[in-house]
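So the sequence lines, in the order shown, correspond to chains A and B.
First residue of the first sequence? That's 103 in this note's numbering, and the numbers climb one at a time after it.
First residue of the second sequence? That's 103 in this note's numbering, and the numbers climb one at a time after it.
Ideal Cβ positions, reconstructed from N, Cα and C, are used throughout, including at glycine.
See below for the structure under consideration.
Protein chains: 2
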Amino acid sequence: MITTNVRIKDIARLAGVSEGTVDRVLHNRGKVSKEAEERVLKVISSSNYKPNLIARTLGSNRVYRIAAMVPDPALDPYWTQSAAGLNLAREEWAQYGVQVTPYYFNHHDKNSFLQTSLTVYHSKPDAVLAAPLFYYTAIPFFKVLKENNIPFVLFNTLIPQAEPLNFIGQNSFQSGQLAGELLFYGHRGPCSYAIAHVYEDLENSPHLVEKEKGFKVFFQQLKDQNNEAFSVNLSDPDASQFETQLNELLASPNLKGIFVTTSKAFAIARVLEKSDRRDIRLVGYDLIEENLHYLRAGIINALINQNPKRQTTLGIANLANYLVFKKEMPGMNLFPLEIITRQNLESYLASDIH
Amino acid sequence: MITTNVRIKDIARLAGVSEGTVDRVLHNRGKVSKEAEERVLKVISSSNYKPNLIARTLGSNRVYRIAAMVPDPALDPYWTQSAAGLNLAREEWAQYGVQVTPYYFNHHDKNSFLQTSLTVYHSKPDAVLAAPLFYYTAIPFFKVLKENNIPFVLFNTLIPQAEPLNFIGQNSFQSGQLAGELLFYGHRGPCSYAIAHVYEDLENSPHLVEKEKGFKVFFQQLKDQNNEAFSVNLSDPDASQFETQLNELLASPNLKGIFVTTSKAFAIARVLEKSDRRDIRLVGYDLIEENLHYLRAGIINALINQNPKRQTTLGIANLANYLVFKKEMPGMNLFPLEIITRQNLESYLASDIH
DNA sequence: TTGAAAGCGCTAACAT
DNA sequence: ATGTTAGCGCTTTCAA
């Protein structure tokens with residue numbers, strides 16, 4: 103038998119009221135006289151009452167619907183991992199009466215984001231999890247959610263003005279600094295390092311700009327003045343000019359490394375391999391299949407893992423705990439900057455704790 | 103309302119028996135006629151019945167006692183993290199009727215381990231979580247647990263013969279390889295690297311021997327024949343001869359790096375700092391305060407995080423899920439090899455997802 | 001061997 | 001405004 107747990111029944115007895123009244127006080131459902139409320143609160147605070155969450159869910163078997171607004175995994179391998187996390191979370195929380203519905207948008211199409219946000223809104227969800235890739239398009243959407251008291255959690259891209267209940271992601275500035283170290287480690291000047299934006303809409307991606315800042319600051323902070331960092335914008339890797347642009351970059355004097363701010367390092371690795379430039383270090387993001395190949399081959403030197411799968415499972419878990427168990431939510435979940443090299447890659451792939 | 107979940111009641115109706123009978127079949131409690139059992143099983147298999155775990159715990163409110171056998175955190179900062187994880191898990195699982203009791207032993211005293219194991223055994227726990235630091239002393243203990251059908255989970259040190267329900271830790275061989283890369287990255291020969299065992303009982307620590315193997319194999323696999331790896335045993339850092347031994351090591355020709363197989367890198371960093379040997383790279387384990395200081399100062403180049411806190415929380419979670427919810431347990435939880443450098447350290451410290 | 005029924009702690013609908 | 005009560009799905013005891 104669980105030893106000495108105080109239950110609602112106990113509180114009711116001690117306060118001289120009924121269980122119903124205690125429940126009303128606990129959940130601010132109103133219709134309680136001041137005196138009764140006062141007595142109940144007093145008993146509660148002096149009794150370290152902890153609600154039995156198990157019984158709570160069993161008792162109220164209502165269903166909560168969470169809408170998850172994420173980029174279409176069919177259009178970019180990076181987002182398949184987010185989708186996988188979503189599925190995991192959906193299964194895990196189903197037994198608690200939480201229904202998770204994904205709503206996909208095209209991550210290169212602002213308008214698709216807008217349309218999807220409308221669909222989400224009209225579905226009248228109990229909560230929303232979203233990757234707000236389009237900064238300016240997203241803001242009004244979240245304003246509406248706020249007005250309608252629909253709690254929402256953001257991941258991937260931080261939009262402070264949106265005032266989400268919770269944000270999940272990494273410190274992009276630190277991430278850029280780390281990339282700097284990974285490229286520079288063991289080198290001695292004069293060295294030059296490029297930060298490459300591959301087919302990115304920087305205007306709408308404050309986190310990528312932050313990465314760039316961190317990267318540049320890393321080199322500024324070195325005592326050695328011989329090192330330089332500069333940024334360059336590249337086109338869609340599938341476009342014809344991509345290789346030309348890249349070869350131009352590769353001709354830069356003293357170029358020792360390239361930092362790709364997204365999961366697109368493989369596109370650069372492809373060219374590096376072709377032109378046999380083994381002197382150029384390459385650092386990028388995320389454990390997608392295309393990158394792993396080049397990491398194993400030693401063409402990509404390191405990847406920083408953003409853990410997209412965990413981002414979505416945690417996002418759903420946060421919302422589900424909030425809705426079902428009325429648990430508090432941290433304002434932010436910053437993920438560690440995981441360094442993946444050829445030597446520890448397999449340990450990450452084999453591990454199921456992430 | 104949760105839509106179409108089949109309950110025990112439904113199965114009972116379909117099989118034409120009572121709920122009690124279904125329950126007996128589900129849990130092999132016996133006292134069921136062959137015919138009844140058959141009918142119930144048929145209905146179950148054709149109905150994708152999933153037990154409601156929530157209701158399960160509510161219904162049977164029995165208490166489970168888990169004994170956690172770990173090194174005394176007062177004697178070594180490394181083990182404070184394990185203890186912290188234990189406390190976290192204890193609080194988390196209390197509401198499910200799981201009582202976690204720590205039993206501490208002296209990690210340098212075989213006899214203390216033996217004594218503690220007896221105490222644990224006599225407490226008649228429902229399950230055991232243990233860090234079996236003393237290989238040979240541990241084996242008979244686990245044999246007894248097996249005989250008494252007491253489920254147990256091991257972490258930190260893998261003892262396959264003990265046949266635990268589950269093991270939690272890292273792949274030590276890969277870990278050694280990774281250390282090799284971290285020390286070698288960017289160097290060109292001739293280079294020599296030492297693997298230092300600081301006050302270790304190698305006989306009883308197969309995982310440390312594995313690290314050494316991996317480390318040496320890393321250098322053997324380099325095409326470059328100029329590099330060499332060798333091992334050295336050092337005394338207790340508090341003993342007078344420690345510094346002498348270390349200085350001897352530091353005089354080795356072409357020495358470029360030292361790999362410490364435990365959390366004791368700080369002891370070597372101390373001497374490195376004193377003798378101003380900034381040319382020696384240092385790689386060790388774990389985010390204990392003493393190490394962090396030298397990592398921030400750039401004297402330790404990288405730490406591999408073994409995540410001791412997570413090891414114990416997961417160990418308890420595994421056992422608790424097994425006992426309370428009758429969930430299956432994976433045979434092994436291998437943790438990823440987390441690389442911590444000066445640049446991503448803060449991101450790990452700030453993160454609460456580990 | 002089987003069925004009936006009382007609870008686990010909480011919620012929510014209903015009476016008062 | 002307050003109390004009473006019937007569940008939620010499962011376990012477990014007791015009687016048959």
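DSSP state of residue i mapped onto helix, strand, coil
i        : result
ASN435/B : strand
ALA404/B : strand
PRO262/B : helix
SER294/A : strand
ASN213/A : helix
ALA114/A : helix
ILE441/B : strand
GLY359/B : strand
VAL134/B : coil
VAL119/A : coil
ALA452/A : helix
VAL300/A : strand
THR218/B : helix
MET103/B : Caution is warranted here: a pLDDT of 33 is assigned to MET103/B, below 50, making its placement in the model unreliable, and the coordinate value is therefore given only provisionally. Correct three-state label for MET103/B: coil.
LEU447/A : helix
LEU128/B : helix
SER333/A : strand
VAL230/A : strand
ARG380/A : coil
ILE168/A : strand
PRO173/B : strand
ASN250/B : coil
PHE320/A : helix
LEU188/A : helix
MET150/B : The residue asked about is misnamed: residue 150/B is Asn in this sequence, not Met. Residue state, collapsed to three classes: coil.
Neighbouring residues, chain B, relative to residue i (Cβ below 7 Å)
i        : result
TYR166/A : Within 7 Å Cβ-Cβ: nothing; TYR166/A doesn't reach chain B, min ~11 Å.
SER453/A : LEU436, PHE437, PRO438
ASN154/A : GLN197
GLU88/A  : Here chain A comprises residues numbered 103 to 456, so residue 88/A is not present and cannot be evaluated.
Closer than 9 Å to chain A by CB, residue i
i        : result
LEU324/B : no
SER277/B : yes
THR123/B : no
TYR287/B : yes
ARG412/B : yes
ILE110/B : no
ILE104/B : With a pLDDT of only 37 at ILE104/B, under 50, the local geometry of the prediction cannot be trusted, and the value read off the model is given with reservation. Taking Cβ atoms only, chain A reaches closer than 9 Å to ILE104/B, which makes this a yes.
Contacts of residue i in chain A (Cβ-Cβ under 8 Å)
i        : result
ALA157/B : LEU160
GLU283/B : THR443, ARG444, GLN445
Interface flag, residue i vs chain B, CB-CB below 9 Å
i        : result
PRO292/A : no
PRO432/A : yes
PHE321/A : no
Listed by chain order, chain A residues near residue i by CB distance under 9 Å
i        : result
ASN273/B : GLU448, SER449, ALA452
THR415/B : Under the 9 Å cutoff, chain A gives no residues; its nearest Cβ is about 10 Å from THR415/B.
Closer than 7 Å at the beta carbon, the chain A residues around residue i
i        : result
GLU312/B : Simply none; closest approach about 13 Å.
Proximal chain B residues relative to residue i, where beta-carbon distance stays under 9 Å
i        : result
LEU280/A : THR443, GLN445, ASN446, SER449
Integer Cβ distance of residue i from residue j, believed to fall under 8 Å
i        : j        : result
GLN272/A : PHE427/A : With 8 Å as the limit, GLN272/A and PHE427/A do not qualify as a contact, their Cβ atoms being about 27 Å apart.
THR414/A : PHE257/A : 7 Å
LEU247/B : VAL230/B : 6 Å
ALA170/B : ARG141/B : Between ARG141/B and ALA170/B the Cβ distance is about 44 Å, and since that is not below 8 Å, they are no contact.
ILE402/A : LEU389/A : With 8 Å as the limit, ILE402/A and LEU389/A do not qualify as a contact, their Cβ atoms being about 11 Å apart.
PHE317/A : PHE361/A : 6 Å
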